[in-house]
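*Asks:* Chains as they are written, first to last, in our numbering: chain A, 1 to 99; chain B, 100 to 578.
Where is the CB? At the ideal position from N, CA and C, for every residue including glycine.
This one's a predicted model, so the numbers in the text were calculated from it and none came from an experiment.
This is the structure I want to talk about, given as structure tokens.
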């Protein structure tokens, strides 16, 4: 069963992901996402009657923890790994996001 | 045409845990920027969130107190959007299967009492804080502090059951008191640990269909909440009366300008593409955990207020005052348990104690005067050992020193003089010293009586039993 993505749908998804795509990429991703969707359609044909929905496959670690403090990162180490850190003030720094 | 307002609230309340919801970083407010951060709350690759059990317990407490059904299984979902204060590119929240749904709160609203439905209570993490001003390059840069990133919140959503700005303020006041009472939230709106947004629409009075709503944000004080909603309701009614129509949008309360302003963003910005977070298993709350939490919850304010009226015979007003905070209610109950007469204890707690605590910058929980000590003072008044006016000065001394009433009364010889012969001697002395008022009284000018009482009390250093003084003075003045 072929699944299709229109160029508008690709453009909308790209905008939500803050991606700028050129026309060739729009074509490429339309095809690739269509293939992924087709695979999902194939999986959906499996009969899952009586199987509870699985939202998570996390089973190997504790499901919760006690409310106990643990050491945080050293601030300089944490900030240094980011681009354009404001080390003296102790802040992360990004391009201005409001007008 | 007459219009009525329809209002629903969305409240975000920070849960009073030591650590964040998915990591062991401190959740405390006011630390140096970026000192409470780790790979998990920074969203670094490979870090896995692990749920804080205490945050869930707090959320359950709030949900139960709001009359909600707490679900056996609820799911964390990712709410996807881009903003620098959200390091992962998504907020972990709950969407299709929230922790709790379908509660209700009875409200003494404006106009009239009403039942306000609670749509849902869900758990989520807070975002970090963007700082747009105050640095040399603030014209080009936004600074980000992630200390708040991952702090545990509950979001409480009400049904559109509120009908006026006063209604909304009354509800929010009650909700805040309840959350603080439960120890779930500190009620501090200034520090942002309690925040409120409102959905507002208007419709012709009596209509059942809902009008188009606007979401009003930034209602971060009781005053702003009421002002902003009044403004927004008037704005929408004026718009409709002018033949216009309401646009569905987000509006921001501008406190300085005293109005709401549109902050419409592109429509697709609200496509959050929620999906279940695969890093987190379902939150499971079994019946045993629910009943354990329920059993450990304090008696709620409404129930306690009724009990104060019904079994302690307090007036409604006193009962309402004493149940505005859990600490005050507990203080009162401890004083009564230590033997104080309920009405007297109520008077002292609402009067002298409240004033002294306020002056000292303390509250009932941190009072330097224990409720058992206050009961001791009240016992001395009831026994007639000290007079009411002496009791006030004993109270001040107890509050300042932490000494007991017995101790102060004994060491400063404040015991009330009730002995008839002693008072009679004082009376005789006063009459001898003030022949003029005595003559005036006997001539029919009875107003001089008060002066003479005052003189006797003064001679007794305020310690004479006022009723005895009155009786004996009257007898001595009889011709």
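Please report how far the alpha carbon of residue 16 of chain A lies from the alpha carbon of residue 182 of chain B, in whole angstroms.
*Replies:* Start at 1 with the first residue of the first chain, and residue 16 of chain A comes out as number 16. Start at 1 with the first residue of the second chain, and residue 182 of chain B comes out as number 83. Going by the C-alpha atoms only, they are around 12 Å apart.
*Asks:* Tell me which residues of the stretch 239-256 of chain B have at least one Cβ-Cβ distance to chain A shorter than 8 Å, keeping chain order.
*Replies:* Listed in sequence order: 239, 240, 241, 242, 243, 244 and 245.
*Asks:* Any beta carbon from chain A within less than 8 Å of residue 112 of chain B's own beta carbon?
*Replies:* If you number the second chain from 1, residue 112 of chain B lands on position 13. At least 8 Å separates the CB of residue 112 of chain B from every CB of chain A.
*Asks:* Given 8 Å as the limit, is there contact between the stretch 253-267 of chain B and the stretch 64-72 of chain A, that is, 3 or more CB pairs closer than that?
*Replies:* no
*Asks:* If we ignore side chains and look at the alpha-carbon of each, how far apart do residue 311 of chain B and residue 300 of chain B end up?
*Replies:* Residue 311 of chain B sits at position 212 when you count from the first residue of the second chain. Residue 300 of chain B sits at position 201 when you count from the first residue of the second chain. The alpha-carbon atoms of residue 311 of chain B and residue 300 of chain B are separated by roughly 6 Å.
*Asks:* Taking DSSP as the reference, what is the three-state secondary structure of residue 442 of chain B?
*Replies:* Position 343 of the second chain, counted from the start, is the residue given in the question as residue 442 of chain B. If DSSP states are grouped into helix, strand and coil, residue 442 of chain B belongs with the helices.
*Asks:* Quick check on residue 133 of chain B - is its C-beta less than 8 Å from some C-beta in chain A?
*Replies:* As a working mapping, residue 133 of chain B is identified with position 34 in the second chain. So, interface residue.
*Asks:* In terms of residues, what are the limits of the alpha helix (DSSP H) holding residue 379 of chain B?
*Replies:* Working through the second chain from its first residue, we reach residue 379 of chain B at position 280. Segment: none, residue 379 of chain B is in no alpha helix (DSSP H) and carries neither H nor E.
*Asks:* Considering only their Cβ atoms, is the gap separating residue 173 of chain B from residue 386 of chain B smaller than 8 Å?
*Replies:* Counted from its first residue, the second chain places residue 386 of chain B at position 287. Counted from its first residue, the second chain places residue 173 of chain B at position 74. No, the Cβ-Cβ distance between residue 386 of chain B and residue 173 of chain B is not below 8 Å.
*Asks:* Is residue 89 of chain A close to chain B, meaning its C-beta is less than 8 Å from at least one C-beta of that chain?
*Replies:* Sequence index remark: in the first chain, residue 89 of chain A carries index 89 (1-based). Output row for residue 89 of chain A: interface = yes.
*Asks:* Identify the contact partners of residue 117 of chain B in chain A, using a Cβ-Cβ distance below 8 Å as the criterion.
*Replies:* Taking the first residue of the second chain as 1, we reach residue 117 of chain B at position 18. Result: 67, 68 and 69.
*Asks:* What are the partner residues of residue 91 of chain A, as DSSP defines its beta bridges?
*Replies:* In the first chain, residue 91 of chain A corresponds to position 91, counting from 1. DSSP lists A:86 as partners of residue 91 of chain A.
*Asks:* Mapping the DSSP letters down to three states, classify residue 334 of chain B as helix, strand or coil.
*Replies:* Reading the second chain from its first residue, position 235 is the one you call residue 334 of chain B. It is helical.
*Asks:* Residue 63 of chain B and residue 348 of chain B: beta carbons closer than 8 Å?
*Replies:* In this structure chain B extends from 100 to 578, so residue 63 of chain B is not present and cannot be described.
*Asks:* I want to verify the contact list: residues of chain A whose CB lies under 7 Å from the CB of residue 136 of chain B, in sequence order.
*Replies:* Along the second chain, one-based indexing puts residue 136 of chain B at 37. Per Cβ cutoff of 7 Å: 72, 73 and 78.
*Asks:* Quick check: what's the CA-CA separation for residue 576 of chain B versus residue 558 of chain B?
*Replies:* Position 477 of the second chain holds residue 576 of chain B. Position 459 of the second chain holds residue 558 of chain B. Using only the alpha carbons, I get a separation of about 18 Å.
*Asks:* How many Å lie between residue 218 of chain B and residue 502 of chain B at the Cα?
*Replies:* If you number the second chain from 1, residue 218 of chain B lands on position 119. If you number the second chain from 1, residue 502 of chain B lands on position 403. Cα to Cα, the separation comes out at about 51 Å.
*Asks:* Under 8 Å, with one C-beta from each stretch per pair, do the stretch 418-433 of chain B and the stretch 188-195 of chain B reach the 3-pair mark?
*Replies:* no
*Asks:* Taking 8 Å as the cut-off, decide whether the C-beta atoms of residue 499 of chain B and residue 464 of chain B are in contact.
*Replies:* Counted from its first residue, the second chain places residue 499 of chain B at position 400. Counted from its first residue, the second chain places residue 464 of chain B at position 365. Not closer than 8 Å, so no.
*Asks:* Taking three-plus beta-carbon pairs below 8 Å as touching, is the stretch 75-86 of chain A in contact with the stretch 400-412 of chain B?
*Replies:* No, the stretch 75-86 of chain A does not touch the stretch 400-412 of chain B.
*Asks:* Could you check the C-alpha separation between residue 32 of chain A and residue 25 of chain A for me, to the nearest Å?
*Replies:* Within the first chain, the letter at position 32 stands for residue 32 of chain A. Within the first chain, the letter at position 25 stands for residue 25 of chain A. Looking at the two C-alpha atoms, the distance is approximately 10 Å.
*Asks:* Can you tell me whether DSSP reads residue 340 of chain B as helix, strand or coil?
*Replies:* Here residue 340 of chain B refers to the residue found at position 241 of the second chain. Residue 340 of chain B: helix per DSSP, three-state reduction.
*Asks:* Taking only beta carbons into account, state which residues of the stretch 135-169 of chain B come closer than 8 Å to chain E, listed in chain order.
*Replies:* Reference to chain E is not applicable here, since the protein chains of this structure are A and B.
*Asks:* Could you check which residue in B:200, B:442, B:212 and B:390 has the C-alpha nearest to that of residue 156 of chain B?
*Replies:* Start at 1 with the first residue of the second chain, and residue 156 of chain B comes out as number 57. Residue 156 of chain B has its Cα closest to that of B:390, out of B:200, B:442, B:212 and B:390.
*Asks:* Residue range of the alpha helix (DSSP H) that residue 305 of chain B falls in?
*Replies:* Reading the second chain from its first residue, position 206 is the one you call residue 305 of chain B. Neither: residue 305 of chain B is in no alpha helix (DSSP H) and is coded neither H nor E.
*Asks:* Please state the DSSP three-state secondary structure of residue 55 of chain A.
*Replies:* Indexing the first chain from 1 puts residue 55 of chain A at position 55. Here residue 55 of chain A sits in coil by DSSP.
*Asks:* Do you know offhand how far residue 240 of chain B's Cα is from residue 5 of chain A's?
*Replies:* The residue labelled residue 240 of chain B in the question sits at position 141 within the second chain. The residue labelled residue 5 of chain A in the question sits at position 5 within the first chain. So the two alpha carbons sit approximately 37 Å from each other.
*Asks:* Which residue marks the beginning of the beta strand (DSSP E) containing residue 346 of chain B, and which one marks its end?
*Replies:* If you number the second chain from 1, residue 346 of chain B lands on position 247. That residue, residue 346 of chain B, is in no beta strand (DSSP E); it is neither H nor E in DSSP.
*Asks:* Going by C-alpha distance, which of B:341, B:525 and B:537 is nearest residue 568 of chain B?
*Replies:* Within the second chain, residue 568 of chain B is the residue found at index 469, counting from 1. That would be B:525, whose Cα lies nearest to the Cα of residue 568 of chain B.
*Asks:* Of all the residues that make up the stretch 11-25 of chain A, which are near chain B by a beta-carbon distance shorter than 7 Å?
*Replies:* 12, 15, 16 and 18
*Asks:* According to DSSP, which residues form a beta bridge with residue 179 of chain B?
*Replies:* Taking the second chain and counting its residues from 1, the one referred to as residue 179 of chain B is at position 80. Per DSSP, B:189.
*Asks:* Can you check DSSP and say which residues form a bridge with residue 220 of chain B?
*Replies:* Mapped onto the second chain, residue 220 of chain B falls at position 121. Paired residues: B:199 and B:255.
*Asks:* Since residue 125 of chain B meets chain A, which of its residues come closer than 8 Å, beta carbon to beta carbon?
*Replies:* Walking along the second chain from the start, residue 125 of chain B turns up at place 26. Per Cβ cutoff of 8 Å: 69 and 72.
*Asks:* Report the option in A:81, A:72 and A:54 whose CA atom is closest to the CA atom of residue 378 of chain B.
*Replies:* If you number the second chain from 1, residue 378 of chain B lands on position 279. Answer by Cα proximity: A:54.
*Asks:* Output yes or no for whether 8 Å exceeds the beta carbon distance between residue 323 of chain B and residue 354 of chain B.
*Replies:* Working through the second chain from its first residue, we reach residue 323 of chain B at position 224. Working through the second chain from its first residue, we reach residue 354 of chain B at position 255. Against a cut-off of 8 Å, the Cβ pair of residue 354 of chain B and residue 323 of chain B comes out as a contact.
*Asks:* May I ask you to report which of helix, strand or coil DSSP gives residue 113 of chain B?
*Replies:* The residue labelled residue 113 of chain B in the question sits at position 14 within the second chain. Here residue 113 of chain B sits in strand by DSSP.
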